[in-house]
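S.K.:
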Amino acid sequence: MYLMLLPVVAYFGIFKYWPMVWLRMAFYKYKLLKGFEGSKYVGLAHFTKFFNSMDFWMLLRNTLTLNALSLVLVFPVPILFALLLNEIGHARFKKLVQTVSYLPYFISTMILVSMINTFLSPSLGIVNRIIRSLGGEAIYFLGKARYFRGVYIASGIWQGTGWGAIVYLSALTSIDTSLYEAAVVDGAGRWKQTLHITLPGIRSTIVIMFILEIGHMMNVGFEKVYLLQNDLNISVSEVISTYLYKKGIIQADYSYSTAVGLFNAVVNFSLVLISNTISRKLGETSLW
-13 MYLMLLPVVA YFGIFKYWPM VWLRMAFYKY KLLKGFEGSK YVGLAHFTKF
37 FNSMDFWMLL RNTLTLNALS LVLVFPVPIL FALLLNEIGH ARFKKLVQTV
87 SYLPYFISTM ILVSMINTFL SPSLGIVNRI IRSLGGEAIY FLGKARYFRG
137 VYIASGIWQG TGWGAIVYLS ALTSIDTSLY EAAVVDGAGR WKQTLHITLP
187 GIRSTIVIMF ILEIGHMMNV GFEKVYLLQN DLNISVSEVI STYLYKKGII
237 QADYSYSTAV GLFNAVVNFS LVLISNTISR KLGETSLW
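Residues -13 to 274 (this note's numbering) are what the sequence shown spells out, left to right.
Following this line, the structure appears as structure tokens:
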């Protein structure tokens, strides 16, 4: 059993904890060949530069908007899907629906974005064909900033609903079936059973998952945003993760990008602490 844990421990040790040693780079004007000893200590200069930059408020707005929309529109969908699956009585049909719903999650981001580009193509895309058949004009969805967030959220729902429902389906199996039997005797219908038994039964799971989502409020999946991004929609698609990539990898400004990443991590950690504290004070489940 301990050998099975070894790859997990190694992954977190190498890719999560070891990089923390290099966080002090945010306080230096780091020179790769000279190391910390030969690099100048600049204190909070990089943080000040980021906060005073013209990009700061745009990045903050775009990142928070995409995550807030995901929290409001994407987060509840797996819960609803799990509740609907739980109502299916035919075991084989239920397994078929589950299997089909899981498949989009295993599609690579590159292929997903290629599918989005194909479906939304102004000339050949099926979406614009439907629009034209109804008498409308073709729309270049990824070329207009106002459509980017809708495309991002819709694709996220399609890809993640089935996989996200797994944890809620597991929680549903722990609910005592005798509660439903007693409810039927009392004359409760399916809606009242769901409202008074099912939802309270998985409430702790929902709260924990919600706290974890709050902790990612400053993180947006880099790959999909970056691949969907272009010069026409960059005003709403440029987020902190894509900004970090461009500054840290493309422009090789390691110190500045480390400072931005550290700011991002501190805000995320603070949000987790706040949401966990509020949950605990309200008497709900908390992470600790």
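Cβ atoms here follow ideal geometry from the backbone N, Cα and C, with glycine treated the same way.
According to the neighbour-count rule (16 or more other Cβ atoms, all chains shown, within 10 Å of its Cβ), is M11 buried or exposed?
M.R.: In the sequence shown, residue 11 corresponds to position 25, counting from 1. Looking at its Cβ environment, which holds 16 or more other Cβ atoms inside 10 Å, M11 is buried.
S.K.: Determine the burial state of H182: buried for a count of at least 16 other Cβ atoms within 10 Å of its Cβ, exposed for fewer.
M.R.: Here residue 182 refers to the residue found at position 196 of the sequence shown. So H182 ends up on the exposed side.
S.K.: With 16 as the cutoff for other CB atoms within 10 Å, does Q237 come out buried or exposed?
M.R.: Taking the first residue of the sequence shown as 1, we reach residue 237 at position 251. With fewer than 16 other Cβ atoms within 10 Å, it is exposed.
S.K.: So what's F105 in DSSP terms, helix, strand or just coil?
M.R.: As a position in the sequence shown, residue 105 is number 119, starting the count at 1. Three-state DSSP puts F105 in a helix.
S.K.: Could you tell me the alpha carbon to alpha carbon distance between G24 and F42, rounded to whole angstroms?
M.R.: On the sequence shown, position 38 is the one that residue 24 refers to. On the sequence shown, position 56 is the one that residue 42 refers to. Each residue's Cα considered, the two are about 30 Å apart.
S.K.: Hey, which unbroken runs of the alpha helix (DSSP H) at 4 residues or more fall wholly within the segment 94 to 160?
M.R.: Runs found: 95 to 105, 112 to 119 and 131 to 159.
S.K.: Could you check what DSSP says for K26 in three-state terms: helix, strand or coil?
M.R.: Stepping through the sequence shown from its first residue, residue 26 is reached at position 40. Strand.
S.K.: Any idea what DSSP makes of Y20, helix, strand or coil?
M.R.: Stepping through the sequence shown from its first residue, residue 20 is reached at position 34. Going by the sequence as given, residue 20 is Lys instead of Tyr. Coil.
S.K.: Which one of G21, R176, H32 and K81 has the shortest CA to CA distance from F332?
M.R.: This structure gives no information on residue 332, because the portion of the chain shown stretches from -13 to 274.
S.K.: For W144 and S100, I'd like the C-alpha separation in whole angstroms.
M.R.: Residue mapping note: residue 144 aligns to position 158 of the sequence shown, counting from 1. Residue mapping note: residue 100 aligns to position 114 of the sequence shown, counting from 1. In a straight line, the C-alpha of W144 is about 15 Å away from that of S100.
S.K.: Keeping to the same chain, check which residues put their C-beta closer than 7 Å to that of T191; ignore five residues upstream and five downstream.
M.R.: Numbered from its first residue, the sequence shown carries residue 191 at position 205. Same-chain partners within the cutoff: V153, Y154 and A157.
S.K.: At what residue ranges does the segment 184 to 259 contain a whole run of the alpha helix (DSSP H), taking only runs of 4 or more?
M.R.: Counting only runs of 4 or more, we get 189 to 200, 208 to 214, 220 to 223 and 226 to 231.
S.K.: Provide the residue span of the alpha helix (DSSP H) that contains W4, from first to last.
M.R.: Counting from 1 along the sequence shown, the entry for residue 4 is found at position 18. Segment: none, W4 is in no alpha helix (DSSP H) and carries neither H nor E.
S.K.: Which residues bound the alpha helix (DSSP H) around S56?
M.R.: For this step, residue 56 is matched to residue 70 along the sequence shown. Premise fails: S56 is in no alpha helix (DSSP H) and is neither H nor E.
S.K.: Please report the distance separating the alpha-carbon of E224 from that of V28.
M.R.: Translated into the one-based positions of the sequence shown, residue 224 becomes position 238. Translated into the one-based positions of the sequence shown, residue 28 becomes position 42. Those two C-alpha atoms are separated by around 27 Å.
S.K.: How far does the alpha helix (DSSP H) with Y(-12) in it extend, from its first residue to its last?
M.R.: The residue given as residue -12 occupies position 2 in the sequence shown. Looking at the DSSP string, the run of the alpha helix (DSSP H) that includes Y(-12) is Y(-12) to F(-2).
S.K.: Return the chain-ordered list of same chain residues with a C-beta closer than 7 Å to the C-beta of L57, the five sequence neighbours on each side being excluded.
M.R.: Sequence index remark: in the sequence shown, residue 57 carries index 71 (1-based). These residues qualify, in order along the chain: E199.
S.K.: Going by C-alpha to C-alpha distance, which of N114, N72 and R135 sits closest to L59?
M.R.: Against the sequence shown, residue 59 aligns to sequence position 73. It is R135.
S.K.: Can you find at least 3 beta carbon pairs, one from the segment 218 to 234 and one from the segment 102 to 114, that sit closer than 8 Å?
M.R.: Contact between the segment 218 to 234 and the segment 102 to 114 is absent, because fewer than three Cβ pairs lie under 8 Å.
S.K.: If you draw a straight line from the alpha carbon of E73 to that of F(-2), how long is it in whole angstroms?
M.R.: Locating residue 73 in the sequence shown gives position 87, counting from the first residue. Locating residue -2 in the sequence shown gives position 12, counting from the first residue. Using only the alpha carbons, I get a separation of about 38 Å.
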